[in-house]
Amino acid sequence: MKNTPHDGPRALVISTSRDRGALAGVRSLHQSGWLVGVGTPDDDGGMLGASVSCSSRHVIPRPRQDGTAFIEGVRRAVALGSYDVVFGGGDDWMAALATYRQDIPTRVAHPPATVVDAALNKVDLSARAQHLGLTAPRTLPATEQAIAEWQGPVVVKCLSHWAHGQTRPHRIEAKLFPDVVSAGPQIDRVRKAGAEPILQERVKGHLGALIGVFHDGRLDGRVQQVTSRLWPTPNGVSTRAETVPVDEELAARAEALLRDLGWWGLVELQFLIDNDGVHHLIDLNGRFFGSMALTNASRPGLTDLWGRLVLGKSVERLPDAIPGMRYAWTAGDLRRASVERRGGRIADVVDTLRWAGQSRHSVWDVKDLGPTLHLASARLRRVDRKPAPAAAVT
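143 is the number that my numbering gives to position 107 of the sequence shown; each next residue is one higher, with no gaps.
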């Protein structure tokens with residue numbers, strides 16, 4: 037990479053090459069005048085590297101084992117690109133940056149490792165939330181006693197998605213089971229992968245989120261959204277979401293939690309909203325997240341605010357997001373429609389396409405076609421590599 041002349045700030049976003057949230061972060065920073073490089077485990081930068089918002093691509097290994105390869109990759113990229121700030125695009129990238137901060141020769145956009153670890157620890161997060169007046173599902177380590185005493189449906193999760201010395205290559209997603217007996221193989225799978233399994237109470241409801249940049253004791257540029265469709269169903273990520281007015285009581289309690297954690301910077305608090313409208317906290321994302329494109333559209337400038345705070349620059353307060361804006365992850369929503377078939381498969385597909393036509397998208401952007409074309413090309417290559425069916429025996 038050549039060190040391109042540029043008067044504005046420089047950001048390095050590191051993530052997997054198909055991270056839709058990181059793509060939205062790259063686009064948003066670029067639109068705010070940042071020069072943005074991307075670091076991924078892939079030589080070409082994948083979907084992120086195909087964006088017109090990406091100025092340079094760097095190969096950065098995943099943060100595994102003792103972190104040496106990851107640290108060297110980040111150091112090399114920072115030296116080449118003279119980046120002012122480095123952002124992590126997923127829990128593992130964020131946590132590794134926080135953990136290895138002293139070895140990284142530029143500003144890290146995330147809180148200290150102790151704060152990040154506490155935020156990612158789902159047992160600790162649930163206990164803190166309940167203590168500070170937020171509702172959260174019962175969440176316990178999967179000890180022998182907890183397993184023996186558990187009653188009813190259970191969600192099995194990892195305590196945290198990253199730890200120093202981790203060797204497992206991929207994140208293990210949450211999975212719902214009708215009872216703790218049927219959850220046994222998943223608990224064993226998590227343990228065999230070197231992670232710590234936890235049991236979480238099932239909450240029936242739809243997904244919601246409260247988003248903003250937390251600094252000086254309050255959330256700034258607040259965005260609240262609700263999700264109407266998920267993939268994988270029923271415990272996946274948003275394929276449809278819409279912004280709504282901010283719930284002031286919920287925001288006040290969320291701010292109390294973030295102050296208690298010692299958090300600063302971007303944050304997405306995820307909730308399950310039950311039939312009575314009660315918000316149950318289930319997760320904290322302190323990095324770019326799946327529906328980041330909706331945040332960019334409804335509250336422009338939020339990533340720029342985050343970056344400028346990291347640089348120590350003075351900033352102005354941002355107002356709340358515009359309610360009523362829509363988001364679509366159409367590829368995921370079409371997969372969901374093929375399974376759920378609400379009103380029938382054809383009706384659900386038509387409804388999905390109608391929603392997509394009125395929404396902001398996680399990947400598709402007529403001004404930035406590279407990521408969409410890259411995904412389409414990768415899919416075609418996978419189809420070409422599939423073995424031909426065996427010839428029939430006559």
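Idealized CB from N, CA, C, for every residue including glycine.
Source: prediction; values computed, not measured.
- Sorting Leu416, Ser413, Thr408 and Ala412 by C-alpha distance to the C-alpha of valine 88 places Thr408 at the top.
- In chain order, Asn332 and Thr339 place their CB closer than 6 Å to the CB of serine 64, counting only its own chain and leaving out the 5 sequence neighbours on each side.
- DSSP places glutamate 352 in the coil class of the three-state scheme, outside both helix and strand.
- For aspartate 369, the enclosing alpha helix (DSSP H) begins and ends at 366 to 376.
- Rounded to the nearest whole angstrom, the C-alpha separation of leucine 345 and leucine 48 is 16 Å.
- A Cβ-Cβ distance of about 6 Å is found for the pair proline 45 and glycine 343, placing them in contact under the 8 Å criterion.
- Taken in chain order, the unbroken stretches of alpha helix (DSSP H) that lie wholly in the segment 153 to 218 and span 4 residues or more are 158 to 167 and 180 to 185.
- DSSP places valine 280 in the strand class (E or B) of the three-state scheme.
- Under the rule that a run must span 3 or more residues, the beta strand (DSSP E) segments found entirely inside the segment 226 to 257 read 233 to 237 and 242 to 251.
- Aspartate 224 and aspartate 160 have their C-alpha atoms some 22 Å from each other.
- For isoleucine 318, the enclosing beta strand (DSSP E) stretches over residues 315 to 321.
- The beta carbons of methionine 130 and histidine 410 sit no closer together than 8 Å.
- Arginine 164 and valine 282 have their C-alpha atoms some 22 Å from each other.
- Bounds of any beta strand (DSSP E) do not take in alanine 357, whose DSSP letter is neither H nor E.
- Collapsing the DSSP output to three states places histidine 66 in a helix.
- Apart from the 5 residues on each side of it in sequence, threonine 171 sits with its Cβ closer than 6 Å to the Cβ of Val314 and His316 in its chain, given in chain order.
- Pairing leucine 293 with leucine 305, the inter-Cα distance amounts to about 10 Å.
- Relative to the Cα of glycine 169, the nearest Cα in the group Gly103, Ala288, Asp139 and Ala149 belongs to Ala288.
- Close CB contacts of aspartate 252 within its chain, under the 7 Å cut and outside five residues either way in sequence, are absent.
- For isoleucine 50, the three-state secondary structure derived from DSSP is strand.
- Counting only unbroken stretches of 4 or more residues, the alpha helix (DSSP H) elements lying wholly within the segment 383 to 422 are 406 to 421, in sequence order.
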